[in-house]
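Sequential numbering from 96 applies to the sequence shown in the numbering used here.
All remarks here apply to the structure that follows.
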Amino acid sequence: MKKIALTGIKPTGILHIGNYFGAIKPALRLAEDYDARYFIADYHALNTVKDPQTLAAHIREVAAGWLAAGLNPEKVIFYRQSSIPETFELTTILMAFTSKGLMNRAHAYKAAVQENIQNQVDPDGGINMGLFTYPVLMAADILLFNPDVVPVGKDQVQHVEMAQDIAQGINFNYKGEILKVPQAVVQADVAVVPGLDGRKMSKSYGNTIPLFASEKQLRKLIMRIVTNSQAVEEPKDPETSQLYLLYKLFADSEEQDALATRYREGGMGWGEAKEELFRVANRELSPLRNRFEAIMADPAGLDAILAQGAAQARPLAQITLTRLRRAAGIET
Ligand code: TRP
């Protein structure tokens with residue numbers, strides 16, 4: 096039997112090429128070897144996205160984005176967290192086994208408190224219980240489906256460890272393997288994608304290239320990438336060029352070597368290097384963009400895919416939940 100991989104995708108903004116190379120592509124690669132369950136963590140997004148139109152749009156765009164990028168819903172169980180009510184019952188059970196102290200130690204919560212202290216406002220200011228208990232909901236997402244591995248970014252490893260702690264507490268109390276203890280996997284070979292200003296591409300830096308930018312917008316953004324002031328004729332070092340790092344993500348190895356040589360020879364200006372980046376980026380992204388637009392143009396089709404995923408996921412969730420309800424004496 097194949098091992099199970101599960102991950103959640105928080106729909107808090109439009110997808111950018113940092114998400115594509117840092118999370119989407121590695122997760123799709125993993126789905127070739129694992130039974131994958133990937134879901135849109137819409138109730139996690141609700142903690143921060145309070146405008147209904149915005150939240151609804153992000154949910155659809157992010158779901159369509161993963162499908163456009165190649166997620167095959169016939170192979171991956173792909174669903175919305177909010178379609179699995181068992182998640183929220185499991186959360187309530189997990190709460191009874193989660194110490195408040197564990198939540199106090201969560202990095203994301205601690206960072207929010209620190210920021211308040213720095214700004215000399217109430218330490219709890221702006222922090223809702225959804226944020227405080229975020230790791231419990233995430234543990235429920237995970238433990239409901241018995242995954243072996245949970246692919247995540249570095250910032251989420253602590254949350255997976257908390258899910259391990261909570262599962263172990265429950266197994267210890269009920270003297271059995273009621274819940275499977277999962278492992279976090281942080282893919283080692285994932286590239287850091289530089290943003291327009293040279294820092295890591297991140298929504299919070301405002302330096303992103305949207306994954307589904309139009310051709311025109313894509314070219315415009317690439318032309319805005321910050322470079323140094325070296326003149327056309329000067330030889331340039333590809334290894335210290337953010338532009339070249341981005342190029343490598345899209346180009347095959349022959350193209351990479353050829354462009355590196357042109358950098359080193361001199362005679363190529365940044366404008367030309369940007370044109371070359373645009374060419375390979377657009378080559379990879381234009382089929383994605385077309386698929387994305389087709390999926391977004393067929394809302395009923397998208398709903399049907401997510402409903403099919405939910406229909407596959409719920410019976411699996413019910414098995415785990417029933418096992419735990421029985422172990423707890425809630426169900427006899
Ligand atoms: N917290 C994750 C993030 O911010 C999203 C997420 C929610 C998740 N539930 C999950 C990831 C379960 C892995 C497993 O990116």
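For each residue, glycine too, the CB sits at the ideal point set by N, CA and C.
Distances between the C-beta of histidine 202 and the heavy atoms of the ligand TRP are all 6 Å or more. When only Cα atoms are considered, glycine 290 and asparagine 323 end up about 15 Å apart.
Per DSSP, the unbroken beta strand (DSSP E) holding glutamine 278 starts and ends at 278-280. Within 6 Å of the C-beta of histidine 153 there is not a single heavy atom belonging to the ligand TRP.
The Cβ atoms of alanine 235 and leucine 189 lie closer than 7 Å to each other.
Cα atoms of leucine 372 and leucine 238: separation of roughly 42 Å, rounded to the nearest angstrom. Within 6 Å of the C-beta of methionine 233 there is at least one heavy atom belonging to the ligand TRP. With a cut-off of 6 Å, the C-beta of aspartate 236 is classified as near the ligand TRP, since at least one heavy atom of the ligand falls inside that distance. DSSP places valine 287 outside both helix and strand once states are collapsed to three, so it counts as coil. With contacts defined as CB atoms closer than 7 Å, glycine 361 and glutamate 328 qualify as a contacting pair. Our two residues, valine 288 and isoleucine 425, have alpha carbons roughly 48 Å apart in a direct line.
Fully enclosed alpha helix (DSSP H) runs of no fewer than 4 residues occupy 224-227, 229-238 and 252-269 of the segment 217-296, in order along the chain. It is roughly 16 Å from the alpha-carbon of leucine 380 to the alpha-carbon of lysine 369. Ranked by Cα distance from aspartate 250, the first of Asp292, Gln282 and Ala399 is Gln282. Within the DSSP bridge table, the entry for phenylalanine 387 names no partner. Counting of Cβ neighbours within 10 angstroms places isoleucine 212 among the exposed residues, the total staying below 16.
Note on serine 336: 16 or more other CB atoms within 10 angstroms of its CB, so buried under the neighbour-count rule.
Counting only runs of at least 4 residues, the segment 319-372 fully encloses the following alpha helix (DSSP H) elements, listed from N- to C-terminal order: 337-345 and 348-360. Taking the Cα of alanine 399 as reference, the smallest distance to any Cα among His111, Leu162, Glu127 and Gln263 is reached at Leu162. Closest option to leucine 123, judged by alpha-carbon separation, among Glu388, Ala402 and Leu101: Leu101.
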